[in-house]
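A.B. asks: First residue of the sequence shown? That's 95 in the numbering used here, and the numbers climb one at a time after it.
Glycine included, each C-beta is placed from N, C-alpha and C at the ideal position.
Input: one structure, supplied below.
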Amino acid sequence: MGTQKNLGIWMDHSTANFIDLDSIKNNHSIASKFTSNTKEEVLNRSEYTMHNKEEQMQEAFYKEISEEILKYNHVVLFGPTNAKSELHNYLKQNSHFKDIKIDVEAADKMTDNEKNVFVKNHFEQ
Numbered sequence: 095m096g097t098q099k100n101l102g103i104w105m106d107h108s109t110a111n112f113i114d115l116d117s118i119k120n121n122h123s124i125a126s127k128f129t130s131n132t133k134e135e136v137l138n139r140s141e142y143t144m145h146n147k148e149e150q151m152q153e154a155f156y157k158e159i160s161e162e163i164l165k166y167n168h169v170v171l172f173g174p175t176n177a178k179s180e181l182h183n184y185l186k187q188n189s190h191f192k193d194i195k196i197d198v199e200a201a202d203k204m205t206d207n208e209k210n211v212f213v214k215n216h217f218e219q
């Protein structure tokens with residue numbers, strides 16, 4: 095068995111911050127493409143269209159995050175919204191993630207240092 099690769103992801107519905115304590119160069123963020131401008135543009139059409147567009151963009155956001163998760167053995171999803179649980183449910187539907195341990199933790203808004211400490215403490219348990 096190879097080296098254990100751990101990843102923390104602090105996320106809400108608009109941003110995912112990747113925290114890899116073993117490789118700082120892997121730390122980065124992904125932003126959802128569903129911005130307030132997109133919402134404004136779609137709102138002018140119809141509620142159904144907006145909901146459909148939002149779902150498509152959320153799916154693309156989760157897909158982009160999931161591609162990063164495949165590089166790790168153990169992941170903790172944490173953040174202030176239910177986006178972490180939605181992503182966890184999305185991942186459970188895909189057999190590619192069955193061998194990756196995924197934890198979900200509630201957390202408030204945090205500074206970058208607080209996020210690093212949270213991830214460090216989580217994986218030291």
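Please report the distance separating the alpha-carbon of leucine 164 from that of phenylalanine 212.
C.D. replies: Distance between the alpha carbons of leucine 164 and phenylalanine 212: 21 Å.
A.B. asks: Given that a residue counts as buried once 16 or more other Cβ atoms are within 10 Å of its Cβ, and exposed if not, what is alanine 200?
C.D. replies: Alanine 200 comes out exposed.
A.B. asks: Spatial neighbours of aspartate 114 within its chain, please: C-beta separation below 7 Å, excluding the five flanking residues on both sides.
C.D. replies: The answer, listed in chain order, is Leu101, Asn120, Asn121.
A.B. asks: Kindly indicate the opening and closing residues of the alpha helix (DSSP H) around lysine 99.
C.D. replies: Looking at the DSSP string, lysine 99 is not in any alpha helix (DSSP H), and its letter there is neither H nor E.
A.B. asks: Quick check: what's the CA-CA separation for glutamine 219 versus glutamate 161?
C.D. replies: Near 26 Å, if we compare the C-alpha coordinates of glutamate 161 and glutamine 219.
A.B. asks: Going by alpha carbons, who is nearest to glutamate 158 out of Phe172, Ile194, Phe112, Glu208?
C.D. replies: For glutamate 158, the nearest C-alpha among the options comes from Phe112.
A.B. asks: Judging by CA-CA distance, which residue of Ser108, Asp202, Tyr184, Asn167 is the nearest neighbour of aspartate 193?
C.D. replies: Considering only alpha carbons, the answer is Asn167.
A.B. asks: Quick one: what's threonine 175 bridged to in DSSP?
C.D. replies: BP columns for threonine 175 are empty, so no partner.
A.B. asks: Assuming aspartate 206 is part of the alpha helix (DSSP H), what are its boundary residues?
C.D. replies: 206-218 is the extent of the alpha helix (DSSP H) around aspartate 206.
A.B. asks: Whose C-alpha, out of Ile103, Lys99, Thr97, is nearest the C-alpha of lysine 203?
C.D. replies: It is Ile103 whose Cα lies nearest to the Cα of lysine 203.
A.B. asks: Going by alpha carbons, who is nearest to methionine 151 out of Leu171, Asp197, Ala125, Asn176?
C.D. replies: Looking at the Cα atoms, Ala125 is the closest of the given residues.
A.B. asks: For a test of the three-state rule: what should DSSP assign to serine 123, helix, strand or coil?
C.D. replies: Serine 123 falls in the strand class under three-state DSSP.
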